[in-house]
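Asks:
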Amino acid sequence: MTETVHVYAGDCTATYHRDGDATHQRGRVVVVHKPDGTVLVHDAEGYQPVQWLTRANAVHREQGEDGSFALVAVKEDERLRVESHDRGDHARHDATPAGVPVGTCPDCTGAKDVEATTSKSAGTLVWARGAVACLHCPTEHRLPGDATVLDSACDCGLPRMAVERGARFELCVDRGCEGLDEVVRERFDREWSCPNCDGDLQVLRERTLFLGCENYPDCESSFALPDEEVVGECDCGLPLVETSDGPRCLDRDCDESEDGESEDKSENGSENDVIETDDGEKGETEKDDEAEGEADDEMEDGEADESETD
Numbered sequence: 083m084t085e086t087v088h089v090y091a092g093d094c095t096a097t098y099h100r101d102g103d104a105t106h107q108r109g110r111v112v113v114v115h116k117p118d119g120t121v122l123v124h125d126a127e128g129y130q131p132v133q134w135l136t137r138a139n140a141v142h143r144e145q146g147e148d149g150s151f152a153l154v155a156v157k158e159d160e161r162l163r164v165e166s167h168d169r170g171d172h173a174r175h176d177a178t179p180a181g182v183p184v185g186t187c188p189d190c191t192g193a194k195d196v197e198a199t200t201s202k203s204a205g206t207l208v209w210a211r212g213a214v215a216c217l218h219c220p221t222e223h224r225l226p227g228d229a230t231v232l233d234s235a236c237d238c239g240l241p242r243m244a245v246e247r248g249a250r251f252e253l254c255v256d257r258g259c260e261g262l263d264e265v266v267r268e269r270f271d272r273e274w275s276c277p278n279c280d281g282d283l284q285v286l287r288e289r290t291l292f293l294g295c296e297n298y299p300d301c302e303s304s305f306a307l308p309d310e311e312v313v314g315e316c317d318c319g320l321p322l323v324e325t326s327d328g329p330r331c332l333d334r335d336c337d338e339s340e341d342g343e344s345e346d347k348s349e350n351g352s353e354n355d356v357i358e359t360d361d362g363e364k365g366e367t368e369k370d371d372e373a374e375g376e377a378d379d380e381m382e383d384g385e386a387d388e389s390e391t392d
């Protein structure tokens, strides 16, 4: 998917404000304004920007009659202002995600607009930042956080991926073509009994896939669906999963017992195990009310430090 990146250049002062403090830096710089609101101020040295604001809530441009400009980015209590002291340069450039080429997009291959273009990237699919996206059209397929894109292709023309959810599943990257929920349910739904009652554990989804007792709400037992491979069954009846330290029970409380045997489970089981959602974000099982976490930005907003890397 093509978006526009704005690039400014000139003799500028970059001023970063936060918590009442301000930092000023001046020089001939290049300013990059990305589609997600990120503003980067680069000088002539290295790859680290001298100032930046990541994913600003709002960015606006002020234009002077003499050709000078000011770019202002705001994010909560942070503010970055880049102001030119002379007639600055401004250019617009097309940009797309950059990633590993993984195939050709079936949605735009052969379309008239693709045939007419001279771009060699037309119809190319890339795997980048947790998604398979087309460099030419809006097609994008978000992937589970632990997914690996395979060399093979689905009948629909899209790449296939491999995902570990108690076993290795290979399926299309398009959930509408082949859904992860369906293949996991087919393999593991009611495969194990609840350790706290006479019910079966069902494969359920509430933001994430997990194992929950069929007798809910009378029984609130729930367990994170393992990313590791199931290699056996614990004495408590739950699956054993393979880890770097060897097999362990899906219920961490059971696995941590001093004598190595199963312990009585609490009513809620191991419902607080953290697992990844199918779009790569981390979350809790159905019974948790905690807010969904967000991945850390690749670099902290604010003044650059010489010891930091992007």
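Sequence positions in the sequence shown follow the working numbering and run 83 to 392.
Note that beta-carbon positions come from the ideal geometry of N, C-alpha and C, so glycine has one too.
Closer than 8 Å by C-beta to R287: which residues in its own chain qualify, once you throw out the five before and the five after it? Chain order, please.
Replies: Residue 287 sits at position 205 when you count from the first residue of the sequence shown. D263.
Asks: Give the secondary structure of A91 by DSSP, where H, G and I count as helix, E and B as strand, and everything else as coil.
Replies: Here the question's residue 91 lines up with position 9 in the sequence shown. In the structure shown, A91 sits in a strand (DSSP, three-state: E or B).
Asks: So E296 and Q284 are supposed to be a Cβ contact under 8 Å. How far apart are they, rounded?
Replies: Locating residue 296 in the sequence shown gives position 214, counting from the first residue. Locating residue 284 in the sequence shown gives position 202, counting from the first residue. Confirmed, Cβ separation roughly 5 Å.
Asks: Near R169, which residues of its chain fall below 8 Å by C-beta distance, leaving aside the five closest residues on each side in sequence?
Replies: Within the sequence shown, numbered from 1, the residue matching residue 169 stands at position 87. For R169, where only same-chain residues beyond five positions count, the Cβ hits under 8 Å are G92, D148, G149, S150.
Asks: Run the CB neighbour count on V312, radius 10 Å, all protein chains shown included, and call it buried at 16 or more, exposed below.
Replies: Here residue 312 refers to the residue found at position 230 of the sequence shown. Result: buried.
Asks: In whole angstroms, what separates the C-alpha of T221 from that of A210?
Replies: Along the sequence shown, read from residue 1 onward, the residue named residue 221 stands at position 139. Along the sequence shown, read from residue 1 onward, the residue named residue 210 stands at position 128. One C-alpha to the other measures close to 13 Å.
Asks: Which of helix, strand or coil does DSSP assign to C316?
Replies: Against the sequence shown, residue 316 aligns to sequence position 234. Of the three classes helix, strand and coil, the one that applies to C316 here is coil, per DSSP.
Asks: Determine which residues share a DSSP beta bridge with R163 and list them.
Replies: Against the sequence shown, residue 163 aligns to sequence position 81. DSSP, once it has assigned bridges, lists T97, V154 as partnering R163.
Asks: With H, G and I counted as helix, E and B as strand and the rest as coil, what does DSSP make of V255?
Replies: Along the sequence shown, one-based indexing puts residue 255 at 173. DSSP places V255 in coil when its eight states are reduced to three.
Asks: Quick one: any contact between the stretch 86-105 and the stretch 238-248, if contact means 3 or more CB pairs under 8 Å?
Replies: No: the two stretches stay apart, fewer than three of their Cβ pairs being nearer than 8 Å.
Asks: Whole angstroms are fine: how far does the CA of D125 sit from the CA of V112?
Replies: For the purposes of this step, residue 112 is identified with residue 30 of the sequence shown, where counting begins at 1. For the purposes of this step, residue 125 is identified with residue 43 of the sequence shown, where counting begins at 1. Approximately 7 Å between the Cα atoms of the pair.
Asks: Beta strand (DSSP E) containing L122: first to last residue?
Replies: For the purposes of this step, residue 122 is taken as residue 40 along the sequence shown, with counting starting at 1. Residues 121-124.
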